[in-house]
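Just so you know, the sequence shown maps onto residues 42 to 470 in the working numbering.
Glycine residues also receive a C-beta, built at the ideal position from the N, C-alpha and C atoms.
This report concerns only the one structure given below.
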Amino acid sequence: MASSLASQNRRSRIHRGNEKDAYYEIHFNCISLFSIMQQQYDYIITGAGCAGLSLLQRMMQHSFFSNKKILLIDKDEKISNDKTWCFWEQQPGLFEDIVYHRWQQIDFYSTDFSARFDLQPYQYKMIRGIDLYSTVLNEAKQHSNIDIIYEDILSIENSSNTAIVRTKTNEFYADYVFNSIFFDDWKQQALQQKDIYVLLQHFKGWIIEISENKFDERIATFMDFRVDQNKGTSFVYVLPVAKNKALIEHTLFSENILQQHEYDAALENYIRHYLNVKNYTVTHSESGVIPMTNFKFSKGENRVVNIGTAGGITKGSSGYTFQFIQKHSENIIHALVNNEDPLHIKINANRFYLYDSILLNVLYHKKMNGDKLFAQLFQRNSVQHILKFLDNETSLKEELNIMNSVSLKTFLPAAIKEIYSIFKAKINT
Ligand SMILES: Cc1cc2nc3c(=O)[nH]c(=O)nc-3n(C[C@H](O)[C@H](O)[C@H](O)COP(=O)(O)OP(=O)(O)OC[C@H]3O[C@@H](n4cnc5c(N)ncnc54)[C@H](O)[C@@H]3O)c2cc1C
């Protein structure tokens, strides 16, 4: 559709990244003198992060969208390298060209069990946020049907068969809004609900460079649990991207985040005592908090489809999100092209929600330490099965084998409790 309210002005309001086009600038300023402008699109993507840009990239690749009017809005220009995504996959993915580093082997360490694993046919891959942002945004600038603006979004609403996105000075209308922004405090909501576990996966990572060639850039440390476990399930990733350069990330699963100096102390300690590195330069630092919960995030309503972490796409028991975003965006494209409702997409079988809840129950109530739990998993299963399980792609038979590998005494009562909670919730709705 894209009938254009103020369509003459639409082009003039586009602010394309750092492009300093005098024509756009003059018109942008003129239009901002008017009161709220209204503009119509086929699709609006709110948030130019991993989910928003993954969806936009797929739209740009499909001819169905070449005559659709698309708007991307973010409050930030996405010019900083604020995140590093790691994930595993067997085939080349959507962002294969910008994979920064990849590993075919991983190490696992804990006090009870340590081993090196060959990942084949999987590869563990790393993509830098800045590469994903610049690749997608630069390509979007070549598409005349795509507008990009940088404004703080105040609200998104449904109105009959249209969704409305409001910023301070504008209203944008669309057939569908794909939203990756949190407007409510999910944690507050989740804490008020019964049988919902709220943990946070929080971390700080440093890229360090050293003068010697000490790292093996072919092997990633997937999890090193030998560190202090007193503040929650804690482990370290070591992701070498060169012989003298690695991303070291201290990660915890717990209810509360730490003070910055506590992450710093843990990183310093790990680098000194486990990597045996005394002199290093920190060339990059990043930190983050990812929900680990069985809280059911809203999928959206009517013409607003939530995507990314805000849409509950993050795996509740692991925090991994990148590949689930890829699956979800692929499914959204399929739905739109086939005139199906993108709100009805289901990317995981229901039983994976149960498994996440059981694992969260065990971790939340500290029925078993995370290091012991992951040690059992890695000692008694093939790494390929574990990765497949974490991707929610295993068969029931494979899942039974995995369940058989962990302590029945710990997991059976948790499983009964979670089955009962799900059953109870179903009856009450
Ligand atoms: C530091 C970090 C590292 C991570 N590493 C991994 C990893 O290795 N593997 C993995 O699977 N997952 C990882 N995750 C989890 C997950 O993949 C990321 O959080 C991912 O970025 C989620 O994508 P998203 O689009 O939902 O959110 P985001 O990428 O955060 O995008 C949301 C966008 O919305 C914009 N926005 C917010 N509010 C407004 C507003 N009011 N108006 C306009 N724009 C707004 C933001 O500027 C942002 O660009 C990581 C998370 C973090 C924080």
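Collapsed DSSP secondary structure at Arg99 in the structure displayed: It is helical.
Boundaries of the beta strand (DSSP E) in which Asp188 is found, first to last residue: Note, Asp188: beta strand (DSSP E), 187 to 191.
CA-to-CA distance, Val277 to Ser326, given in whole angstroms: 15 Å
Helix, strand or coil at Thr451 according to DSSP, with G and I counted as helix: helix
First through last residue of the alpha helix (DSSP H) which encompasses His369: 363 to 378
Completely contained beta strand (DSSP E) runs for the stretch 100 to 134, where each covers 3 or more residues: 111 to 115, 125 to 130
Cβ-Cβ separation, Asn202 to Arg344 (assumed contact under 8 Å), whole Å: 7 Å
Near ligand 1: Thr176 beta-carbon under 8 Å from a heavy atom: no
Endpoints, the alpha helix (DSSP H) within which Tyr150 is located: Tyr150 -> not in any alpha helix (DSSP H); beta strand (DSSP E) instead, spanning 146 to 150.
Lys119, buried or exposed, once every other Cβ within 10 Å from all chains shown has been counted against 16: Buried: at least 16 other Cβ atoms inside 10 Å.
Simplified DSSP state of Thr176, which is helix, strand or coil: If DSSP states are grouped into helix, strand and coil, Thr176 belongs with the helices.
For Ser339 and Lys228, the rounded distance between their alpha carbons: 13 Å
Residue of Leu241, Glu439, Lys110 minimising C-alpha distance to Met333: Leu241
Ile386 to Leu173 span [Cα, whole Å]: 25 Å
Every unbroken beta strand (DSSP E) inside the stretch 301 to 341 [3 residues or more]: 322 to 334
For Arg157, the residue or residues it bridges with in DSSP: Asp148
Heavy atom of ligand 1 within 8 Å of Ser35 beta-carbon: Lying outside 42 to 470, the shown extent of the chain, residue 35 is not represented and no answer is given.
Closest residue to Ile249 among Asp123, Tyr394, Thr322 (Cα-Cα distance): Thr322
Cβ-heavy atom distance, Leu519 to ligand 1, below 8 Å: In this structure the chain extends from 42 to 470, so residue 519 is not present and cannot be described.
Close-in-space but distant-in-sequence residues of the same chain around Arg313 (CB under 7 Å, 5 per side omitted): Counting only Cβ-Cβ distances below 7 Å, and skipping sequence neighbours, we find Lys319.
DSSP three-state assignment for Gln234, whether helix, strand or coil: coil
Sequence-distant residues of the same chain with beta carbon closer than 6 Å to Phe266, five excluded per side: Ser151, Phe276, Asp412
C-alpha gap between Cys127 and Thr262, whole angstroms: Cα-Cα distance, rounded: 12 Å.
Best match in Asp225, Gly90, Ile85, Ser121 for proximity to Ile106 [C-alpha to C-alpha]: Looking at the sequence provided, one finds Phe at residue 106 rather than Ile. Closest by alpha carbon: Ile85.
Ala215: CB within 8 Å of a non-hydrogen atom of ligand 1: Remark: the C-beta of Ala215 is outside contact range of ligand 1, defined as less than 8 Å to any heavy atom.
Rounded straight-line distance, which links the Cα of Thr87 to that of Lys192: Note on residue identity: the sequence assigns Glu, not Lys, to residue 192. Glu192 and Thr87 have their C-alpha atoms spaced approximately 10 Å apart.
Whole-angstrom distance between Arg169 and Ile251, CA atom to CA atom: 21 Å
Euclidean distance between Cα positions of Ser436 and Leu293: Roughly 29 Å between the two C-alpha positions.
Nonlocal neighbours in the same chain, by C-beta distance under 7 Å from Glu66, ignoring five residues either side: Bear in mind that the predicted position of Glu66 carries a pLDDT of just 40, short of 50, making it too unreliable to give a figure here.
For Val282 and Lys255, the rounded distance between their alpha carbons: 12 Å
Selected residue, minimal CA-CA separation from Asn391, among Tyr361, Asn433, Leu377, Leu404: Asn433
Collapsed DSSP secondary structure at Tyr82 in the structure displayed: Of the three classes helix, strand and coil, the one that applies to Tyr82 here is strand, per DSSP.
Beta-carbon proximity of Lys235 to Ser398, cut-off 9 Å: no
Boundaries of the beta strand (DSSP E) in which Gly357 is found, first to last residue: Boundaries for Gly357: no beta strand (DSSP E) harbours it, and the DSSP string shows neither H nor E there.
Length of the line joining the Cα atoms of Gly246 and Asp305: Each residue's Cα considered, the two are about 9 Å apart.
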